[in-house]
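First the structure, in the form of structure tokens, and then the observations on it.
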Amino acid sequence: MKVFIDTNIMVDVLLGRKEFLLQSSNIFQLADNEDIVLYATALTFVNALYVSRKVLGKETALKKLKTFHDILKTAPMGDDELSKALLMDDKDMEDNLQYRSAVSAGCEVIVTRNVKDFPADGEVKAMLPGDFLDSLVEDSVDEDEEEIDDDGEENE
Numbered sequence: 001m002k003v004f005i006d007t008n009i010m011v012d013v014l015l016g017r018k019e020f021l022l023q024s025s026n027i028f029q030l031a032d033n034e035d036i037v038l039y040a041t042a043l044t045f046v047n048a049l050y051v052s053r054k055v056l057g058k059e060t061a062l063k064k065l066k067t068f069h070d071i072l073k074t075a076p077m078g079d080d081e082l083s084k085a086l087l088m089d090d091k092d093m094e095d096n097l098q099y100r101s102a103v104s105a106g107c108e109v110i111v112t113r114n115v116k117d118f119p120a121d122g123e124v125k126a127m128l129p130g131d132f133l134d135s136l137v138e139d140s141v142d143e144d145e146e147e148i149d150d151d152g153e154e155n156e
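The sequence shown begins at 1 in full-length UniProt numbering and counts up by one.
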């Protein structure tokens, strides 16, 4: 599954924001374990550095971002994404660009704490970190149930 990570989720992990850290770091762990393919844009890294360097210092922030870069794929953010973002009615240009990049990368989900900033009925579904993690558990349970036939025996 291709999953786009919004800047606020990356910053939560970078800064160790206690109220958000567990769920956000679990998403990065899933990518590190290759259970999901995680995407972000170059803009995500720039914005995360801008915010985190003020707290961590530039050197520490860059070191952590390099670790993220090792487990993330970079979503496209070029002229096509910009052109389509400019046509969107939403007010937040950064989120429009992130959304169009997620679509171009073929992502199914955008994980963000700002669900309201993304189209509710768009090509890519925006989800809170906890809701996304819960959906993975539900999908796993559904798959397990499919493996058991009507007699209660496992299928091979």
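Quick reminder that beta carbons are idealized off the backbone N, C-alpha and C, glycines included.
_Pop quiz: Ile-27 and Phe-132 are said to be a contact at Cβ under 8 angstroms. What is the actual Cβ separation, rounded to whole angstroms?_
In the sequence shown, the residue the question calls residue 27 occupies position 27. In the sequence shown, the residue the question calls residue 132 occupies position 132. Right, the Cβ-Cβ distance comes to about 7 angstroms (below 8 angstroms), so this counts as a contact.
*Give me the Cβ distance between Lys-73 and Tyr-39, rounded to the nearest whole Å; I'm assuming they're in contact under 8 angstroms.*
Taking the sequence shown and counting its residues from 1, the one referred to as residue 73 is at position 73. Taking the sequence shown and counting its residues from 1, the one referred to as residue 39 is at position 39. Confirmed, about 5 angstroms.
*Straight-line Cα distance separating Leu-43 from Asn-96*: By 1-based counting over the sequence shown, the position of residue 96 is 96. By 1-based counting over the sequence shown, the position of residue 43 is 43. Rounded to the nearest angstrom, the two C-alpha atoms are 12 angstroms apart.
*Taking Phe-4 as the reference, give the member of Asp-12, Leu-30, Gly-16, Ala-102 with the closest Cα.*
Mapped onto the sequence shown, residue 4 falls at position 4. It is Ala-102 whose Cα lies nearest to the Cα of Phe-4.
*Inspect the beta-carbon positions of residue 218 and Val-37 and report whether they are closer than 7 angstroms.*
In this structure the chain extends from 1 to 156, so residue 218 is not present and cannot be described.
*Coarse secondary structure for Phe-118, derived from DSSP in three states*: Reading the sequence shown from its first residue, position 118 is the one you call residue 118. Three-state DSSP puts Phe-118 in coil, outside helix and strand.
*May I ask you to report which of helix, strand or coil DSSP gives residue 158?*
The first residue shown for the chain is 1 and the last is 156, placing residue 158 beyond what the model contains.
_Where Arg-17 falls, given that 16 or more other Cβ within 10 Å makes a residue buried_ = In the sequence shown, residue 17 corresponds to position 17, counting from 1. The residue is exposed, with fewer than 16 neighbouring Cβ atoms inside 10 Å.
*asked:* Taking 8 angstroms as the limit between beta carbons, can you name the residues of its chain near Leu-82, skipping five residues before and five after?
replied: Reading the sequence shown from its first residue, position 82 is the one you call residue 82. Contacts found: Leu-97, Arg-100.
*Indicate whether Leu-65 and Phe-45 have their beta-carbon atoms separated by less than 7 angstroms.*
Numbered from 1 along the sequence shown, position 65 holds the residue referred to as residue 65. Numbered from 1 along the sequence shown, position 45 holds the residue referred to as residue 45. Result yes, Cβ atoms of Leu-65 and Phe-45 sit closer than 7 angstroms.
*In the structure shown, what three-state DSSP assignment does Val-124 receive?*
For the purposes of this step, residue 124 is taken as residue 124 along the sequence shown, with counting starting at 1. Val-124 falls in the coil class under three-state DSSP.
*Tell me where the alpha helix (DSSP H) around Lys-54 begins and ends.*
As a working mapping, residue 54 is identified with position 54 in the sequence shown. First-last of the alpha helix (DSSP H) with Lys-54: 42 to 56.
*Could you spell out where the beta strand (DSSP E) holding Thr-7 opens and where it closes?*
Residue mapping note: residue 7 aligns to position 7 of the sequence shown, counting from 1. It is not in any beta strand (DSSP E) - Thr-7 instead sits in the alpha helix (DSSP H) that spans 7 to 14.
*DSSP-derived helix/strand/coil call for Leu-21*: Here residue 21 corresponds to residue number 21 of the sequence shown, with the count starting at 1. Leu-21 falls in the helix class under three-state DSSP.
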